[in-house]
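**Q** Supplied in structure tokens, the structure appears directly below.
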Amino acid sequence: MIKAILIFNNHGKPRLSKFYQPYVNTQQQIIRETFHLVSKRDENVCNFLEGGLLIGGSDNKLIYRHYATLYFVFCVDSSESELGILDLIQVFVETLDKCFENVCELDLIFHVDKVHNILAEMVMGGMVLETNMNEIVTQIDAQNKLEKSEAGLAGAPARAVSAVKNMNLPEIPRNINIGDISIKVPNLPSFK
Amino acid sequence: MALKMVKGSIDRMFDKNLQDLVRGIRNHKEDEAKYISQCIDEIKQELKQDNIAVKANAVCKLTYLQMLGYDISWAAFNIIEVMSASKFTFKRIGYLAASQSFHEGTDVIMLTTNQIRKDLSSPSQYDTGVALTGLSCFVTPDLARDLANDIMTLMSHTKPYIRKKAVLIMYKVFLKYPESLRPAFPRLKEKLEDPDPGVQSAAVNVICELARRNPKNYLSLAPLFFKLMTSSTNNWVLIKIIKLFGALTPLEPRLGKKLIEPLTNLIHSTSAMSLLYECVNTVIAVLISLSSGMPNHSASIQLCVQKLRILIEDSDQNLKYLGLLAMSKILKTHPKSVQSHKDLILQCLDDKDESIRLRALDLLYGMVSKKNLMEIVKKLMTHVDKAEGTTYRDELLTKIIDICSQSNYQYITNFEWYISILVELTRLEGTRHGHLIAAQMLDVAIRVKAIRKFAVSQMSALLDSAHLLASSTQRNGICEVLYAAAWICGEFSEHLQEPHHTLEAMLRPRVTTLPGHIQAVYVQNVVKLYASILQQKEQAGEAEGAQAVTQLMVDRLPQFVQSADLEVQERASCILQLVKHIQKLQAKDVPVAEEVSALFAGELNPVAPKAQKKVPVPEGLDLDAWINEPLSDSESEDERPRAVFHEEEQRRPKHRPSEADEEELARRREARKQEQANNPFYIKSSPSPQKRYQDTPGVEHIPVVQIDLSVPLKVPGLPMSDQYVKLEEERRHRQKLEKDKRRKKRKEKEKKGKRRHSSLPTESDEDIAPAQQVDIVTEEMPENALPSDEDDKDPNDPYRALDIDLDKPLADSEKLPIQKHRNTETSKSPEKDVPMVEKKSKKPKKKEKKHKEKERDKEKKKEKEKKAEDLDFWLSTTPPPAPAPAPAPVPSTDECEDAKTEAQGEEDDAEGQDQDKKSPKPKKKKHRKEKEERTKGKKKSKKQPPGSEEAAGEPVQNGAPEEEQLPPESSYSLLAENSYVKMTCDIRGSLQEDSQVTVAIVLENRSSSILKGMELSVLDSLNARMARPQGSSVHDGVPVPFQLPPGVSNEAQYVFTIQSIVMAQKLKGTLSFIAKNDEGATHEKLDFRLHFSCSSYLITTPCYSDAFAKLLESGDLSMSSIKVDGIRMSFQNLLAKICFHHHFSVVERVDSCASMYSRSIQGHHVCLLVKKGENSVSVDGKCSDSTLLSNLLEEMKATLAKC
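Residue numbers (our numbering), protein chains in the order written: chain A, 73 to 264; chain B, -18 to 1184.
The following block contains the structure:
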């Protein structure tokens, strides 16, 4: 089981948090603790970490990857394969990259809802639903299409306004790219 | 109107959307909180509007704020509103918000049930999908119960997208509503073979997750998973399956044997590291479960270790980490193969990555030996010095202690060295594990008697430097060591070099800054110390010195009396009074030392941690019962408790010994001893008499510590452990030389005797003799306590509820609740009671249905049997390994009785196995199956909750079994007995074969001789024949497949074929056996008569009331009735009796009238109507065979007459 999926940036600002177990009042603490644990690790050490106290038990592990400005952290129990989860993170990021076309931190900041939707197609209730990237992208596209058709004419003015609002968006630098997505652990399997 | 709508929509354009909110927050970095509270106000306004789009937008923003840690529970109702929007866009926002913020405590969650149900059945797959996703995050027991059925239907949805989500969410449903597991499981299993790989993977996921918690219930799926493993190409699925096998193999060693080969192949062939790693992991699990008996076993271990070494040597830190992780699993069972990689592991200790260092530390635990312990610990100590983070350093500390103390200090050869290591560890700054060190010091000092002198000298040094420890405040950790130091110095004060000095050290004012519990120990031990000083002084005749010490005590103790800690205060004031009294006596020149030291006479022995729990509660003692009803009356209250605690008070050591004179004291001690001897609750002291250590030879063997002046003295009095390493090496060297000498001598002798003896002069672990005579005092346990008593599992484990037997056929009562309109009649027809699996099938006509139902029952049973057989068959296809272990698992899985037989001597065991092999195998298997069936049946009846008393007046449907209410009754009846053996038997209709019954005979050996060569010969009649192994004639006896040592009983099963079952019949038989004891063997015989009653041909079969009615209406049943008078038993028990002895089930029960049903092995229906009058019972029966019925009723009459 995956207990939680967290994305935060190099400063510990949460970009996405998804808990699959009820952590009612400790969510923020968990994010902080996890950031604290993960951020002090060097680049060139292993991606597994034990000792997240808040998330519970010695059975749990933090498995994370660091892409440019963002940390992707999965908290899992012993039923998950460590290397498998590392791959899953890779699939997740690659899927984000496909859906957002060259994903960067800003995409995650402004469209956290979309990230949630993509994640929902991959992991459900703490269990891995789909590992095939193409399948995930197909479903997301279909849902986006459905959304567009629902908005129809009524949505047009809203879209126009948001386009106007977004005109000043380029001021914010778009160069905080997640980048280097193709970091791969040698010999890891590609999921079909 | 139209204008208003347009205006609304334009207004809406300028509402903030999520992006605006995010941007706003980024632009208000300085006053973020203020900005957000402003936004929340806006959101509250938006939520008040009717426009669902506005609401959805607001909820979307709330979801973002939730992530930042803002409470949005107040908007729960609005979230539900958005969830129920018709548009997917909004619905998705609603469900997302719900999944992020709802939890079991959210009260409005119950309002969602119908909305979710609607969405689940929506024509749009994405509506359904989003509902499933959302539900997976916030499902509650209520939701699970109400929606389980809908979700189960979705598992067979046409779209794989829905199917896989539905399958996956079932796990959550099971967790919240365990009752759904059994009804849903068949379909879940089907999904393992779904054409869509995604669905398949989801099913594998769910089952793996279930099996991980309760693996034994999923063993029967092993063949299916095995097939999947060999056919699947999806690595994710493969990994899951292989992990699952890792959990299953410990339960079924044969599975492991079957797995080794494909797994080894995978290891060789796969390029995926993740898969390779999991394979290695599972192979390790298999090897652990086999542990022995595999010929090419070491090859597999070697392969694993070799692959792991490659991983560890890899430059990728992840692989290194995992390699070490898996290595630690091998270590537990095959330490030798890991030990050869010690170099590699020690190297990993220097890794810059903490995760890796921690893993390597774990491995060290198993790598130490007597030889290398000192070396390894030395290395760890240097790490302790270097470690910067306290977490890692604390981890090192615990590991050092773990490594050294493992299996009762097995690897420690020099305890002085160990004590000095512990003392060195106390110099650690800011550790949290002071108590650990303290516990070790205490443990070693108490258990290793020879080391006490040394320990005391070290501890007194520690106490002396207490200011060092205490001065560094805020470190509540390390000062714990003083607790141990004080206690050791006090308890073993006779070893102190300068007791007076230590006493003063313990009475320093600084001590009062220590935590209360440590001060308390100080106070208590100061007195011990004082007592021993007093004795010394008095013996030396220094009355003045003794008085000076007393004065010191009187002066210093008041500082403790003022302590804020109650414990300290109480002890101090008590002791202060005592000392003052002594002072008075001393002034009168009365010798007091003897009496004061009597206070602390006797030795404290270590007590096993569980000892207290294991003290058996004596018969008749109910700790929960009132000893005396609480009364307001003070008089009686005064008296009674005193009587209860009377004994205890006497046992308590007297604290006023000064008043009691010598004689009185001795008398009391004697009385106490007497009482202790008679008191079963008193944990008696070990036979080792007090203070024996003084004359144990061990003390002389302690090497005198030579202070090596080349080593700079660090802290005066504190030793350096390195010294001991050197000393130890020298000692070992000397030992070795001596040994060599001895060996040479021996060799010469041997040569003289011309005898060859190949003893290689290698120094093994065992050769190193410990420096001290280690007298490890074992822990005390109450006499009757079993050390192996298992500890209770955590009753709060949520997964325990899912420990459900899945192979049992579904009972009719087990079905998922279906939403019904309230005004529908309470249905009695099985149509609605049919589990949902069948619901979809077209409604068959009633008659057919009844028939079908029966068939289904049959099929299910058969299927189940097939399953059990399948697994056995599938597993048994492995090439039979070495002959010896092969038959062993067969009886061991059988029943505990078999286990008992196994427990006998090895010799018998071997013979028994021979017998096993001789006995025809297929038959054996059948027996076993039936046994399993029976035990399952028993389990089942146990699991069902006893019918509540209220239900008695209402119709009871479908054989709600009431057997539970009966006092436990055995279906076994006495067959025959003599002085050697007692035979009891039970006859049961065979479920799978018409016209066959199984006779289970329990043979109990009552003599003191071993019964062997037992044979059963039965004279067949025309109607009944015994099934014999092929090739044997009618007159041959059938061997009993086991032997019986004295006092043991075991069960053998035989199958009989019956032609006509309408009559009861008896068969004559003889059991012949050889009784063997010390005096010789005799041939004995025992005749018996097997009575096949008509009831024994009946099989308990449930029946529905309408099917029952149909049966009665059909008119092709003949009728008969009986009446029995003088029955006083309750109707409930009466029915239970009939159910139990005659294999009926209750169809329906109203008040004191019940209809019952059963079926014979040849398919006769038997219906009964049982009515209870005032003192009588009448039974009307209908049956397809009149003879059978009349015979049955006769038997029943006999049973009822006994009531």
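The beta carbon of each residue, even a glycine, is placed where N, CA and C say it ideally should be.
When you check each C-beta in the stretch 163 to 189 of chain A against every C-beta of chain B, which residues fall closer than 9 Å?
**A** For the stretch 163 to 189 of chain A, which is checked against every Cβ of chain B, the residues closer than 9 Å are I181, F182, H183, V184, D185, H188, N189.
**Q** Just curious, the beta strand (DSSP E) that Q1034(B) is in, first and last residue?
**A** Here residue 1034(B) refers to the residue found at position 1053 when the second sequence is read from its first residue. Start and end: 1030 to 1039.
**Q** Buried or exposed: which applies to I97(B), given that a residue is buried once 16 or more other Cβ atoms fall within 10 Å of its Cβ?
**A** Sequence index remark: in the second sequence, residue 97(B) carries index 116 (1-based). The residue in question, I97(B), is buried, as its Cβ has 16 or more Cβ neighbours within 10 Å.
**Q** Which class does C118(A) belong to by DSSP, given the choice of helix, strand or coil?
**A** Here residue 118(A) refers to the residue found at position 46 when the first sequence is read from its first residue. In this structure, C118(A) counts as coil in the three-state DSSP scheme.
**Q** Roughly how many angstroms lie between the CA atoms of C118(A) and T93(B), to the nearest whole one?
**A** Against the first sequence, residue 118(A) aligns to sequence position 46. Against the second sequence, residue 93(B) aligns to sequence position 112. Spanning the two alpha carbons is a distance of roughly 44 Å.
**Q** Does chain D have any CB closer than 7 Å to the CB of T70(B)?
**A** Chain labels in this structure do not include chain D; the protein chains are A and B.
**Q** Should C118(A) be flagged as near chain B, meaning a C-beta pair shorter than 7 Å?
**A** Residue mapping note: residue 118(A) aligns to position 46 of the first sequence, counting from 1. At least one chain B Cβ lies under 7 Å of C118(A).
**Q** If the criterion is Cβ atoms closer than 7 Å, does the pair G84(A) and F107(A) meet it?
**A** The residue you call residue 84(A) lines up with position 12 of the first sequence. The residue you call residue 107(A) lines up with position 35 of the first sequence. It is a contact, given that the beta carbons lie within the stated cut-off.
**Q** With a threshold of 8 Å on Cβ separation, who are the neighbours of G198(A) within its own chain once the five nearest residues in sequence on each side are excluded?
**A** Taking the first sequence and counting its residues from 1, the one referred to as residue 198(A) is at position 126. The residues are M73, I74, K75, Y92, Q93.
**Q** Who are the neighbours of R193(B) on chain A, taking C-beta pairs under 7 Å?
**A** Mapped onto the second sequence, residue 193(B) falls at position 212. In chain order: S151.
**Q** Report the neighbours of N186(B) on chain A: residues whose CB is nearer than 7 Å to its CB, in chain order.
**A** As a working mapping, residue 186(B) is identified with position 205 in the second sequence. Chain A residues near N186(B): M199, V200.
**Q** Compute the distance between the beta-carbons of L463(B) and I499(B), then report whether it is under 7 Å.
**A** Here residue 463(B) corresponds to residue number 482 of the second sequence, with the count starting at 1. Here residue 499(B) corresponds to residue number 518 of the second sequence, with the count starting at 1. Against a cut-off of 7 Å, the Cβ pair of I499(B) and L463(B) comes out as a contact.
**Q** Step through the CB atoms of chain B and report whether any lies within less than 7 Å of the CB of T203(A).
**A** On the first sequence, position 131 is the one that residue 203(A) refers to. By this cut-off, T203(A) is an interface position.
**Q** Should N59(B) go down as buried or exposed, given a rule of 16 or more other Cβ atoms within 10 Å for buried?
**A** Position 78 of the second sequence, counted from the start, is the residue given in the question as residue 59(B). Classification of N59(B): buried, given that the 10 Å Cβ count is 16 or more.
**Q** What residues in the stretch 37 to 51 of chain B bring their beta carbon closer than 8 Å to a beta carbon of chain A?
**A** Cβ contacts with chain A come from C41, T44, Y45, M48, L49, G50.
**Q** Would you decide whether Q505(B) is buried or exposed? Buried here means 16 or more other CB atoms lie within 10 Å of its CB.
**A** Numbered from its first residue, the second sequence carries residue 505(B) at position 524. With 16 or more other Cβ atoms within 10 Å, it is buried.
**Q** Assuming A976(B) and I1039(B) form a contact by the criterion Cβ under 8 Å, report the distance between their Cβ atoms to the nearest whole angstrom.
**A** The residue given as residue 976(B) occupies position 995 in the second sequence. The residue given as residue 1039(B) occupies position 1058 in the second sequence. What sits at residue 976(B) in the sequence shown is Ser, not Ala. S976(B) to I1039(B), Cβ: 5 Å. Contact.
**Q** Tell me which same chain residues have a C-beta within less than 6 Å of the C-beta of S1171(B), skipping the five on either side of it?
**A** As a working note, residue 1171(B) is residue 1190 in the second sequence. Excluding sequence neighbours, S1171(B) sits near S1101.
**Q** Please report the straight-line C-alpha distance between V1211(B) and Q391(B), rounded to a whole angstrom.
**A** There is no way to answer for residue 1211(B), as the model of chain B reaches only from -18 to 1184.
**Q** Quick test of your reading: N130(B) and P798(B), contact by CB under 8 Å. State the CB separation rounded to the nearest angstrom.
**A** Within the second sequence, numbered from 1, the residue matching residue 130(B) stands at position 149. Within the second sequence, numbered from 1, the residue matching residue 798(B) stands at position 817. The Cβ separation is near 7 Å, so the contact holds.
**Q** 7 Å is my cut-off, CB to CB: does H84(B) come that close to chain A?
**A** Position 103 of the second sequence holds residue 84(B). H84(B) counts as touching chain A.
**Q** Starting from the beta carbon of G84(A), find every residue of chain B whose beta carbon is closer than 8 Å, and list them in chain order.
**A** Reading the first sequence from its first residue, position 12 is the one you call residue 84(A). Near G84(A) there are no residues of chain B at all, since even the closest Cβ is about 12 Å away, more than 8 Å.
**Q** Assign C189(B) to one of three DSSP states: helix, strand, or coil.
**A** Taking the second sequence and counting its residues from 1, the one referred to as residue 189(B) is at position 208. Residue state, collapsed to three classes: helix.
**Q** To the nearest angstrom, how far is the alpha carbon of A1045(B) from that of T965(B)?
**A** Counting from 1 along the second sequence, the entry for residue 1045(B) is found at position 1064. Counting from 1 along the second sequence, the entry for residue 965(B) is found at position 984. Their Cα atoms are separated by approximately 19 Å.
**Q** Using a Cβ distance threshold of 8 Å, determine whether the stretch 982 to 990 of chain B contacts the stretch 1030 to 1037 of chain B, with at least three qualifying pairs required.
**A** Contact between the stretch 982 to 990 of chain B and the stretch 1030 to 1037 of chain B is present, because at least three Cβ pairs lie under 8 Å.
**Q** Entirely within the stretch 1094 to 1177 of chain B and at least 3 residues each: give me those beta strand (DSSP E) ranges in chain order.
**A** Here the runs fully enclosed are 1099 to 1106, 1126 to 1131, 1134 to 1141, 1146 to 1153, 1157 to 1164.
**Q** Within 7 Å (strictly less), CB to CB, does M91(B) reach chain A?
**A** Translated into the one-based positions of the second sequence, residue 91(B) becomes position 110. Not one chain A Cβ lies under 7 Å of M91(B).
**Q** Count the other CB atoms within 10 Å of the CB of N(-2)(B); is the residue buried (16 or more) or exposed (fewer)?
**A** As a first step, residue -2(B) must be located in the second sequence, where it is residue number 17. Classification for N(-2)(B): buried.
**Q** Could you tell me how far apart the beta carbons of V261(B) and I248(B) are, in whole angstroms, since I believe they sit closer than 8 Å?
**A** Locating residue 261(B) in the second sequence gives position 280, counting from the first residue. Locating residue 248(B) in the second sequence gives position 267, counting from the first residue. Going by Cβ atoms, the distance from V261(B) to I248(B) rounds to 6 Å, so yes, they are a contact pair.
**Q** Should the stretch 533 to 543 of chain B be called in touch with the stretch 558 to 565 of chain B, which here means at least 3 C-beta pairs below 8 Å?
**A** In short, these stretches touch, since the Cβ pair count reaches three.
**Q** Who are the Cβ neighbours of A1179(B) in its own chain at under 6 Å, not counting the five residues just before and after it?
**A** Position 1198 of the second sequence, counting from 1, holds the residue named residue 1179(B). So no residue of the chain qualifies.
**Q** State yes or no: is the beta carbon of E115(A) nearer than 7 Å to at least one beta carbon in chain B?
**A** Within the first sequence, the letter at position 43 stands for residue 115(A). Taking Cβ atoms only, chain B never reaches closer than 7 Å to E115(A), which makes this a no.
**Q** Please name the residue in L515(B), I265(B), K367(B) whose C-alpha comes closest to that of L312(B).
**A** Here residue 312(B) corresponds to residue number 331 of the second sequence, with the count starting at 1. Among L515(B), I265(B), K367(B), the Cα nearest to that of L312(B) belongs to I265(B).
**Q** Report the three-state DSSP secondary structure of V3(B) (helix, strand or coil).
**A** Here the question's residue 3(B) lines up with position 22 in the second sequence. Residue state, collapsed to three classes: helix.
**Q** Quick check on DSSP: helix, strand or coil for D332(B)?
**A** Residue mapping note: residue 332(B) aligns to position 351 of the second sequence, counting from 1. Residue state, collapsed to three classes: coil.
**Q** Just confirm the distance between the C-beta atoms of D1(B) and E27(B), as a whole number of angstroms; I'd bet it's less than 8 Å.
**A** By one-based count along the second sequence, residue 1(B) stands at place 20. By one-based count along the second sequence, residue 27(B) stands at place 46. Between E27(B) and D1(B) the Cβ distance is about 12 Å, and since that is not below 8 Å, they are no contact.
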